[in-house]
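Structure first, then comments.
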Amino acid sequence: KQEVTQIPAALSVPEGENLVLNCSFTDSAIYNLQWFRQDPGKGLTSLLLIQSSQREQTSGRLNASLDKSSGRSTLYIAASQPGDSATYLCAVTGDSSYKLIFGSGTRLLVRP
Amino acid sequence: DTEVTQTPKHLVMGMTNKKSLKCEQHMGHRAMYWYKQKAKKPPELMFVYSYEKLSINESVPSRFSPECPNSSLLNLHLHALQPEDSALYLCASSPIGGFGETQYFGPGTRLLVL
Chain F
1 KQEVTQIPAA LSVPEGENLV LNCSFTDSAI YNLQWFRQDP GKGLTSLLLI QSSQREQTSG
61 RLNASLDKSS GRSTLYIAAS QPGDSATYLC AVTGDSSYKL IFGSGTRLLV RP
Chain U
1001 DTEVTQTPKH LVMGMTNKKS LKCEQHMGHR AMYWYKQKAK KPPELMFVYS YEKLSINESV
1061 PSRFSPECPN SSLLNLHLHA LQPEDSALYL CASSPIGGFG ETQYFGPGTR LLVL
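Quick note, the sequences are listed as chains F and U, same order.
Numbering follows this note's numbering, in which position 86 of the first sequence is assigned residue number 86; successive positions increment by one, without gaps.
Each number in this note's numbering corresponds to the 1-based position in the second sequence with 1000 added.
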């Protein structure tokens, strides 16, 4: 059974810092991995999707990497801003299912 | 239009009430999803509709009844809920429901069962 873990559970950084969020999964047989952002009490916004054959994806200040063999992904946020404060969730799709398996998320606070 | 809308935003209901949650998208997507999210927990899949047909039911209790009247609309009918059903209910859509498609989420309906 696929399990997704995110570390740390919470992170507080001063504005301007570069930071890394971690995601690990137990079954390397994934189709892809997605990173989402969720603001308090709101829905999810898809940030980046990495196919299993890819190593990384970039969008603006965000860079996500995937090491499928070791079951790890990282989300790198450059020059963090207070507006980046949110919960970041990673989710994997198995290679024989279209069910998203989510991690518990990392709650990020960027202090002005 | 890349938006998934959900109504109502908030809902309070008693255990004997019947209510419905609505979800709508106009992106031409043919797959729609219901998720349940408890506080500080990740979303959990409840139902998947693909081409207006129920394709996945994650062993959800029958007090939750989904309906997909057309390709743009998804309902979740609620009846005789329990207080532990209080949660954020998220709707999502994707192009065809294929493996690993990006899912577009709505803002959710926050449900409180008294």
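Yeah, the Cβ is synthetic: ideal placement off N, Cα and C, and Gly gets one too.
Being a predicted model, the structure only gives us computed values, none of them experimental.
Which of the three DSSP states is assigned to residue i in this structure?
i: residue 56 of chain F; result: strand
i: residue 67 of chain F; result: strand
i: residue 1024 of chain U; result: strand
i: residue 1044 of chain U; result: strand
i: residue 1008 of chain U; result: coil
i: residue 94 of chain F; result: strand
i: residue 82 of chain F; result: helix
i: residue 1083 of chain U; result: helix
i: residue 1051 of chain U; result: coil
Which residues does DSSP list as the beta-bridge partners of residue i?
i: residue 1066 of chain U; result: U:1076
i: residue 1038 of chain U; result: DSSP lists no partner for residue 1038 of chain U.
i: residue 50 of chain F; result: F:33
Taking only beta-carbon atoms, is residue i less than 9 Å away from chain U?
i: residue 51 of chain F; result: yes
i: residue 76 of chain F; result: no
Within this structure, are the beta carbons of residue i and residue j separated by less than 9 Å?
i: residue 31 of chain F; j: residue 1028 of chain U; result: no
i: residue 1066 of chain U; j: residue 1074 of chain U; result: yes
i: residue 37 of chain F; j: residue 86 of chain F; result: yes
i: residue 28 of chain F; j: residue 68 of chain F; result: yes
i: residue 1109 of chain U; j: residue 1088 of chain U; result: yes
Within the 9 Å Cβ cut-off, does residue i reach chain F?
i: residue 1024 of chain U; result: no
i: residue 1092 of chain U; result: yes
i: residue 1042 of chain U; result: yes
i: residue 1105 of chain U; result: yes
Using beta carbons (cut-off 9 Å, strictly below), is residue i in contact with chain B?
i: residue 1110 of chain U; result: No chain B is part of this structure, whose protein chains are labelled F and U.
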